[in-house]
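Using UniProt numbering, you'd call the opening residue of the sequence shown number 1 and step up by one each time.
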Amino acid sequence: MELSTILQPECTSCASPGSKKKVLELISDLVAAQYPSLSSQEIFESLVAREKMGSTGIGSGIAIPHGRLTTIEQPIAVFIKCEDPIPFDAIDKQPVDLLFALLVPAEQCQQHLSTLSSMAEKLSDKLILKQLRKSSNSTELYQVITA
């Protein structure tokens with residue numbers, strides 16, 4: 001699946017959320033703004049429920065928060081670059097500055113796993129990480145992540 005089919009430019013942002021809770025709220029608000037039938041509270045609760053099972057901070061300043069929603073039929077992605085890294089309880093105990101969030105239909109477990117896997121692989125590319133971290137606005141960020 002092409003990332004550009006699930007990640008809209010409007011769901012890509014350079015921001016300074018300040019905390020894990022605030023960045024999950026930002027993700028929820030970005031999605032709800034693009035998909036008015038979805039509740040930002042429902043999205044937030046899905047992301048928080050997953051985080052309670054264990055942090056989605058995978059190390060090297062990267063987190064991949066994700067959740068399942070019964071109210072969607074297609075996956076929805078959000079990509080955020082934090083101007084100032086935030087504590088995220090990552091496995092390497094380092095703060096996070098790049099977040100790829102994924103919301104998937106509750107019944108599409110396999111697609112969910114393959115999308116997360118391909119994104120984790122992309123985010124392990126040091127050149128891509130360098131370009132993402134050098135991006136100064138959401139347009140540049142979107143171009144790098146979807147290339």
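For every residue, glycine included, the Cβ atom is placed at its ideal position computed from N, Cα and C.
| Asked | Found |
| --- | --- |
| Span of the alpha helix (DSSP H) around residue 45 | 40–53 |
| Those residues which DSSP pairs with residue 33 across a bridge | For residue 33, which the question treats as bridged, DSSP gives no partner whatsoever. |
| Residue of 93, 14, 100 minimising C-alpha distance to residue 7 | 100 |
| Buried versus exposed, by CB contacts within 10 Å (16 or more), residue 33 | exposed |
| Contact belief for residue 26 with residue 80 at Cβ below 8 Å, rounded distance in angstroms | 7 Å |
| Any C-beta of chain B under 8 Å from that of residue 12 | Of the protein chains in the structure, only one exists, and it is not chain B. |
| Exposure of residue 20, with buried meaning 16 or more beta-carbon neighbours within 10 Å | buried |
| Three or more C-beta pairs below 8 Å linking the region 50–57 and the region 84–102 | yes |
| Residue 74 Cβ short of 7 Å to the ligand GTP heavy atom set | With respect to small molecules bound, the structure shown includes none, and the ligand GTP cannot be examined in it. |
| Contacts around residue 3, its chain only, beta-carbon distance under 6 Å, and the 5 residues preceding and following it disregarded | 146 |
| Beta-carbon spacing of residue 96, residue 67 below 8 Å | no |
| Same chain, Cβ closer than 6 Å to residue 112, five either side skipped, listed in chain order | 104 |
| Rounded straight-line distance, which links the Cα of residue 132 to that of residue 124 | 12 Å |
| Residue 7 - partner residues in DSSP beta bridges | 77 |
| Alpha helix (DSSP H) segment containing residue 102, residue limits | Counting along the chain, residue 102 falls outside any alpha helix (DSSP H), though it belongs to the beta strand (DSSP E) covering 96–105. |
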